[in-house]
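Remember, my numbering sits 1 above the position in the sequence shown when you count from 1.
Beta carbons: idealized from backbone N, C-alpha and C, even for Gly.
Reviewing the structure listed below.
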Amino acid sequence: MDRNYKTLAISIGADAVYAVPQSIEDAAETARQLAPYLSLPEKELAANLTSDKRSVWLKRGLSPEVSKAIRDLGLPGIRLIKRPQRYYPHGSLAAHILGIAGIDNQGLEGIEYFYEEILSGTDGRLALEKDAAQRSIPGGAVEFIPPQNGFDVVLTIDAVLQYIAENKIKEAVLQSGSERGLVLMLAPKTGEILANAIFPTFDPNDYQKVSHDQRRNVAITDQYEPGSTFKFITAAAALDLGLTTTERRFDGGSTWQVGGGQIRSDGRTGEAVTFLEAFERSDNITFAQLSVEMGPERFAPYIQSFGFGSRLGVDFPGEISGVVSSAEKRQGQTLQWANIGFGQGIAVTPLQLASAMGAIANNGVVMRPFFLKEIRDGQGKLIQEFTPQSRGAAVKSGTAAQVSTLLRSAVVNGSGTRADIPGYYVAGKTGTAEVPEEGGYSDKRIASFVGFGPVDDPVLVTLVILFNPAAESSYGGVLAAPVFKEVMAESLEYLGIKRRQPGAQASTLEKN
């Protein structure tokens with residue numbers, strides 16, 4: 002169920018057909034009549050029908066129409082039996098979260114796999130009295146242990162927010178010609194995952210039609226170079242260390258020679274820029290210089306405190322840690338460390354980036370992201386409730402407020418203007434990242450935007466990523482920012498957050 006107790010997956014009774022070979026009179030004729038209904042080759046069926054086993058499964062999960070047709074055939078030795086089968090009433094909704102269950106209702110992927118023991122329950126059994134050698138004692142005591150029904154799990158996701166996210170990312174992927182896209186939404190104060198949408202998607206009722214790759218929840222299981230979206234981490238560390246202020250001025254040259262290499266920044270005019278202006282413009286050189294100024298011994302601990310380079314502990318299978326080299330390994334690699342300042346040469350998961358943005362929205366405190374909200378029994382009685390867990394403060398609350406101001410300014414005056422929403426004060430950062438390949442970088446791009454809102458009382462963090470768009474412009478500010486705007490506008494409205502009227506008093510963050 003979702004957080005509002007809307008059913009997302011249920012177990013229903015579905016017919017399965019099996020054969021009792023000893024009771025079959027004519028295996029070839031029986032196979033001929035069954036084959037059209039089971040979509041199985043006659044030879045394969047005939048081989049099963051002549052097995053020396055007492056019984057053989059032929060097919061499970063039959064539709065009511067197929068069950069009736071087989072029953073009407075009245076074939077000797079062919080039996081039908083009801084068995085539980087997992088059914089997803091909303092089709093592809095939240096498919097990458099829910100995962101899939103196998104023919105015996107066992108969890109194979111996603112939440113179905115991670116919480117299988119809670120969901121599945123146990124079969125009934127007979128317990129026989131045994132001797133010291135663990136042999137059954139003839140005439141000994143026999144105890145029947147009844148079956149234990151599985152519990153219901155209530156997830157943190159909101160089906161309406163999930164629906165909004167899925168629709169918007171589908172539109173964006175199709176319009177931009179991207180290979181894949183995702184929208185991830187978190188509650189910054191708790192770490193609850195509210196939506197996790199990926200397109201292309203699939204229907205878990207018919208999951209065999211798609212590959213495992215298409216079923217992967219790439220928000221958790223995959224890593225990528227974040228590009229300029231990572232600049233808010235560099236800014237947070239430099240501000241927290243007291244190495245910069247929003248008014249500090251940086252040289253305006255279009256290139257910077259460092260560590261035997263060169264870093265370029267498009268759009269520089271040669272005039273000095275303030276740190277605030279550099280953030281608005283997403284200036285690579287400024288962030289490379291700050292990264293080198295901090296050095297790996299001071300910057301690396303901040304990167305790690307935000308959750309990069311380690312698993313966040315989300316309750317989902319296959320979480321990876323990303324790649325963050327230790328400070329020791331980066332000693333003497335000045336150019337490589339400069340690149341990290343603008344999100345190159347580091348690999349993160351989408352969940353890590355969204356979680357880190359959540360920390361900025363949560364006064365600098367990182368929360369553990371999670372899916373499981375409650376466990377309830379079949380009658381709806383609460384068995385266990387799961388509370389938010391803090392992973393500790395990454396930066397001081399004052400620093401988080403300063404970064405929020407920068408992020409808001411990037412939306413109002415900088416590269417993220419297409420993310421701005423009339424009446425809702427949102428903040429965020431654009432990103433356009435290159436995709437590494439052996440020996441360098443490919444011509445593929447990743448367009449992204451990550452942000453939160455409203456800035457004065459954040460309720461939503463949203464990350465939008467479009468992988469390898471075919472559109473003429475692959476910039477995050479052009480492709481991903483408008484998706485963020487649409488998702489956030491509909492979501493905040495749904496959550497009952499009122500828009501500010503034109504001329505309304507701005508928040509402290511808005512004034513700064």
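The alpha-carbon of G381 is positioned some 18 Å away from that of Y116. Annotation for Q263: T256 and W257 place their beta carbon closer than 8 Å to its own, counting only its chain and skipping 5 residues before and after.
Taking every protein chain shown into account, the CB of Q403 has 16 or more other CB atoms within 10 angstroms, so this residue is buried. When beta bridges are read from the DSSP output, P65 appears opposite no residue. One Cα belongs to S398, the other to G323, and the distance between them is close to 26 Å. Within the same chain, and ignoring the five residues on either side of S93 in sequence, the residues whose Cβ sits closer than 7 Å to its Cβ are T202, F203 and D204. Around the beta carbon of K83, fewer than 16 other beta carbons lie within 10 angstroms, which makes this residue exposed. For G477, the enclosing alpha helix (DSSP H) begins and ends at G477 to Y495. Take F288, set aside five residues on each side of it, and the residues of its chain with a beta-carbon closer than 6 Å to its own are K232, T235, G342 and F343, in chain order. With distances taken between CA atoms, A279 lies nearest to F251 out of F251, I304, A301 and G260. Counting only runs of 3+ residues, the beta strand (DSSP E) found wholly inside the segment 15-69 occupies 57-63, in chain order.
With contacts defined by Cβ atoms closer than 7 Å, S449 and L162 do not form a contacting pair.
Close CB contacts of T463 within its chain, under the 6 Å cut and outside five residues either way in sequence, are with M186, F485, V488 and M489 (chain order). Distance from P90 to I11 at the Cβ level is roughly 7 Å; contact confirmed, criterion being Cβ atoms closer than 8 Å. Secondary-structure assignment with DSSP links D153 through a beta bridge to R377. Checking the DSSP bridge columns, you'll see I101 partnered with E110.
Scanning V465, E439, F453 and Q176 for the CA closest to the CA of I447 turns up V465.
Along the segment 256-344, the beta strand (DSSP E) occurs as fully enclosed runs of 3 or more residues at 256-259, 262-265 and 271-275, listed in sequence order. Here F200 is bridged, per DSSP, to G182. By the C-beta density criterion, L74 is exposed, having fewer than 16 other C-beta atoms within 10 angstroms. Inclusion of G452 and A428 in the CB contact set at 7 Å is warranted, their separation being smaller than that value.
For the pair V155 and L81, the CB atoms are not nearer than the 7 Å cut-off.
Straight through space, the alpha carbons of L352 and A220 are spaced by roughly 6 Å. Between A29 and R312, the alpha-carbon positions lie close to 56 Å from each other.
Taking C-alpha positions only, V460 is separated from P189 by approximately 6 Å. As a beta-bridge residue in DSSP terms, P85 pairs with G14. As the crow flies, the alpha-carbon of N49 is around 15 Å from that of S40.
For E386, DSSP records a beta bridge to E375. At the C-beta level, S391 and M368 come within 7 Å of one another. Its chain contains A238 as the residues whose beta carbon lies nearer than 6 Å to that of Y303, once the 5 sequence neighbours on both sides are disregarded; these appear in chain order. No Cβ-Cβ contact shorter than 7 Å links V436 with D241. Taking each of S416, G346 and T406 in turn and checking the Cα distance to G440, the smallest one comes out for G346. Beyond the five residues adjoining it in sequence on each side, D316 comes within less than 7 Å, by CB distance, of F115, F371, F372 and L373 in the same chain, given in chain order.
Listed in chain order, the non-local C-beta contacts of A348 below 7 Å within the same chain comprise Q224, Y225, E226, G323 and V324, local neighbours out to five positions each way being set aside.
Within the same chain, and ignoring the five residues on either side of L244 in sequence, the residues whose Cβ sits closer than 8 Å to its Cβ are L291, E294 and M295. Here R33 is near E43, since their CB atoms are less than 7 Å apart.
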